[in-house]
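Residue numbers (this note's numbering): 6 to 671. Below is one structure, written out as structure tokens; comments come after it.
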Amino acid sequence: MSAQLNTPQREAIHYLDGPLLVLAGAGSGKTRVITFKIAHLIRHGGMNARNIAAITFTNKAAREMMERVSKLMTADEVRGLTVSTFHSLGMQILRQEAPHLGYKPQFSILDSYDAGKIISDVLKSTAKDEVRKVQSQISLWKNNFITPDEMITEAANDWEMVCARVYLSYQATLTAYQAMDFDDLIRLPVELFRNHPEVLAKWQAKLRYLLLDEYQDTNTCQYQMVKLLTGARGMFTAVGDDDQSIYAWRGANMENLRLLQTDFPKLKIIKLEQNYRSSVRILRAANSVIANNPKLFEKQLWSELGLGEPIHVVQCKDEESEAEIVVQRLLAHKFEHRTEFKDYAILYRGNYQARIFEQALRNQKVPYQMSGGQSFFDKPEIKDVLSYMRLITNPNDDPAFIRALTTPKRGVGAATLEKLGAWAGQRHNSLFAAAQETGFQQQVQDAQLAPLEQFCNFINTLQYRATREDAGPLVMEMLGAIGYEVWLFDSEDSPRIAETKWKNVLELVAWLAKKGEADGKNLIELSQTIALITMLEGRDEGDVDAVKMSTLHASKGLEYPHVFLVGCEEGILPHSESVDNGMVEEERRLMYVGITRAQRSLTLSYCVKRKRAGDWQFVDPSRFIDEISGDDIRHFGRPGAEPIVSKNEGKSRLAGLSAMLDAKKK
Ligand code: ATP
Ligand code: MG
6 MSAQLNTPQR EAIHYLDGPL LVLAGAGSGK TRVITFKIAH LIRHGGMNAR
56 NIAAITFTNK AAREMMERVS KLMTADEVRG LTVSTFHSLG MQILRQEAPH
106 LGYKPQFSIL DSYDAGKIIS DVLKSTAKDE VRKVQSQISL WKNNFITPDE
156 MITEAANDWE MVCARVYLSY QATLTAYQAM DFDDLIRLPV ELFRNHPEVL
206 AKWQAKLRYL LLDEYQDTNT CQYQMVKLLT GARGMFTAVG DDDQSIYAWR
256 GANMENLRLL QTDFPKLKII KLEQNYRSSV RILRAANSVI ANNPKLFEKQ
306 LWSELGLGEP IHVVQCKDEE SEAEIVVQRL LAHKFEHRTE FKDYAILYRG
356 NYQARIFEQA LRNQKVPYQM SGGQSFFDKP EIKDVLSYMR LITNPNDDPA
406 FIRALTTPKR GVGAATLEKL GAWAGQRHNS LFAAAQETGF QQQVQDAQLA
456 PLEQFCNFIN TLQYRATRED AGPLVMEMLG AIGYEVWLFD SEDSPRIAET
506 KWKNVLELVA WLAKKGEADG KNLIELSQTI ALITMLEGRD EGDVDAVKMS
556 TLHASKGLEY PHVFLVGCEE GILPHSESVD NGMVEEERRL MYVGITRAQR
606 SLTLSYCVKR KRAGDWQFVD PSRFIDEISG DDIRHFGRPG AEPIVSKNEG
656 KSRLAGLSAM LDAKKK
């Protein structure tokens, strides 16, 4: 196995004397070091897989790493190995230790949509932008261990005061619901470890070696978790690239790279300089763009993969024509190079850009897969079913209670619900608990009470069965009992939409059945797991032959033979908000991440005009394009440059058209 490693990689893998940081540019094999090091620790380091935890940034990355590790070793050798995200490690810890924090192990996990809803209720505002701003302010405070009470006394201005008040009610609501948000999954384990040394000692004994991928994107909370878990021994390997830090908006702190040196004076640093991913021109473009940012650490990057094609820069008339041209060029390229759809990725700055490309791909019957977009689990019909699962997991989850009770409606009137809300509010109780209290029940007429009692009994029975039966069939039976399918068709105007929604629900049930069986998880465990899946990316759709569509953020750590990076315009990349807030460096790192995803070819596209708020506006190409040496670029579509379809491309254009026709026939 060491034949597939270069000297510094091998050194990083063999180094077990203390804390280690592998600092290197994109595609230099940092993630590979982690996978091979896990194998080394188990085979030659005398460690049991159970005592090793590898932390990645996304669920998808975790799955991929587990797959790669499984290829290097036998099932017996890897048994008990933890490969997860910070959040799922946090959840694992909290599930076991919840009582120390006054929580039940069946706590609910709120995704950012549900959390946003609570904030919007408290704020008494539905303005999305405002809610989002308050939410991210609260998140930043939470990640820096600042409590609501501290903020109430320390708020520096009116805006902070508003946020602090919302923060206070928000946190009280979460406690009442026995719910946690994503930030809590990291923050609470840290508090737990700080306040309960015996619990910390237990986890330190369990997780004796930590491996951390994408270290540059850890935030303060995550860093504290690492520090506490590794303790004075500092037995860890972190790998990272300061030039790829793109999560400042979520509190990621690049300074954590430097802090490692201060906090662990014995820290050894190894640099990797050979890139195994991209051709020379792609790498040169990436290097010259990032050279415009100030350097935190000096790094070099070179590749032996040949000069490669110049980077294609395509000017398009407007956004619709950009989408069409990209799909056309993709098809032509595919035909000419006899590649597969899965060799291509279309990357963009923001999710809102995806729709028009989806349309163009659909028009040409090109299969595609989205990641980092609206998740399957965010669809309303899926959230309906999940609300039942959440309620079964934790009956005190009020948002889930309301959604489940009213979808489909169960004959509980608005007046009864109002009384219930008031009663629960006075007693700081959950709706579910309040509904079963005599004091409340005495206020309501029998006819009104009956459906409510029935509902609570129904949930109680399901909760009893949830830990004893397989999740898939149980959820299916539940859907039958509540008449969900009939309700869907009754409440949707279009039977086609109802059908699609029902199909999605069936897909969820199939997924629960499969996942439940594969991981031996019951309904309650699955319900908690799903909350985490929704956070960074959708489901794993397996290795199908489809063009990948992804935001730049969600493409981190991944690689694709051919990349189209679209919307390379001032205002989009760099994003206008970042330009206004002096965050161009972060945008440049995002560009660097995008460029370095490409292995063999890279196309950058931009529009001359774009519709904004209903009006056409002329836009400029991204400044980052100018930062690439002209020698490495071939322009298309702009005055004086080659036309979108050049002479020497005429052949491939024809080929593209016939490929399109082929695809249409299918
Ligand atoms: P990123 O910064 O984008 O996360 P990375 O540094 O983690 O990149 P990897 O994804 O580990 O890089 O590796 C990039 C590619 O190079 C992968 O396809 C990997 O298999 C390959 N690779 C890494 N090291 C070697 C090596 N020594 N020999 C051959 N291929 C290698
Ligand atoms: Mg990596």
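Backbone N, C-alpha and C fix where the C-beta goes; we use that ideal spot for every residue, glycine too. As the structure is a computational prediction, the values presented were derived from the model and not from experiment.
- Taking each of A29, D550, S117 in turn and checking the Cα distance to E345, the smallest one comes out for D550.
- With a threshold of 7 Å, the Cβ atom of A54 does not count as near ligand 1, since no heavy atom of the ligand is closer than that.
- Using a cutoff of 7 Å, the CB of G562 counts as near ligand 2, since one of the ligand's heavy atoms is closer than that.
- In its chain, beyond the 5 residues on either side, A439, F445 have a beta carbon closer than 6 Å to the beta carbon of W428.
- Runs of the alpha helix (DSSP H) lying entirely within the region 158 to 218 and spanning at least 4 residues, in chain order: 163 to 182, 187 to 200, 202 to 211.
- With a cutoff of 7 Å, A296 does not count as near ligand 1, since its C-beta is closer than that to no heavy atom of the ligand.
- Beta-bridge pairing by DSSP links V74 to no other residue.
- Distances from the CA of N401 to each of I114, G418, N64 were compared; the closest alpha carbon is that of I114.
- By the Cβ-count criterion, H433 is exposed, with fewer than 16 other Cβ atoms from all chains shown falling within 10 Å of its own Cβ.
- Here the alpha carbons of C612 and D323 stand approximately 5 Å from one another.
- Burial is judged here by how many other beta carbons sit within 10 angstroms of a residue's own beta carbon; Q431 has fewer than 16 and is exposed.
- DSSP lists no bridge partner for M259.
- K553 is classed as buried because its beta carbon has at least 16 other beta carbons within 10 Å across all chains shown.
- One Cα belongs to R255, the other to R170, and the distance between them is close to 21 Å.
- Taking all protein chains in view, the Cβ of V491 is surrounded by fewer than 16 other Cβ atoms within 10 Å, so the residue is classified as exposed.
- Using a 10 angstroms sphere on the CB of S308, the tally of other CB atoms reaches 16 or more, which defines it as buried.
- DSSP places A132 in the coil class of the three-state scheme, outside both helix and strand.
- Shortest gap from the CB of K35 to any heavy atom of ligand 2: under 7 Å.
- Shown here for W621: same chain residues with a beta carbon closer than 7 Å to its own, the five before and five after excluded, namely K614 in chain order.
- The Cβ atoms of D222 and I251 lie closer than 8 Å to each other.
- Runs of the beta strand (DSSP E) lying entirely within the region 415 to 475 and spanning at least 3 residues: none are present.
- When the five nearest sequence neighbours on each side are left out, the beta carbons in the same chain lying within less than 6 Å of the beta carbon of P13 are those of I275, L277, in order along the chain.
- The C-beta separation of T36 from G562 comes to about 6 Å, placing the pair in contact by the 8 Å criterion.
- Here the alpha carbons of G23 and L216 stand approximately 12 Å from one another.
- Positions of the beta strand (DSSP E) runs, each at least 3 residues long and wholly inside the region 299 to 365, are given as 316 to 321, 349 to 353 in order along the chain.
- Counting other Cβ atoms within 10 Å of its Cβ, N64 reaches 16 or more and is therefore classed as buried.
- Secondary structure at T267: helix, using DSSP grouped into helix, strand and coil.
- Under the three-state reduction of DSSP output, P385 falls in the helix class.
- Bounds of the alpha helix (DSSP H) holding F406 are 403 to 411.
- In the three-state reduction of the DSSP assignment, S627 falls in the coil class, being assigned neither a helical nor a strand state.
- Using a Cβ distance threshold of 8 Å, I351 and F340 do not count as a contacting pair.
- Taken through DSSP and simplified to helix, strand or coil, K370 comes out as coil.
- Per DSSP, the continuous alpha helix (DSSP H) segment holding S293 begins and ends at 285 to 295.
- For the options V195, A296, E386, T267, the alpha carbon positioned closest to that of G95 is the one of V195.
- Following the DSSP letters along the chain, one finds Q604 inside the beta strand (DSSP E) bounded by residues 603 to 612.
- Across the structure, R84 and T608 are spaced so that their CA atoms are roughly 43 Å apart.
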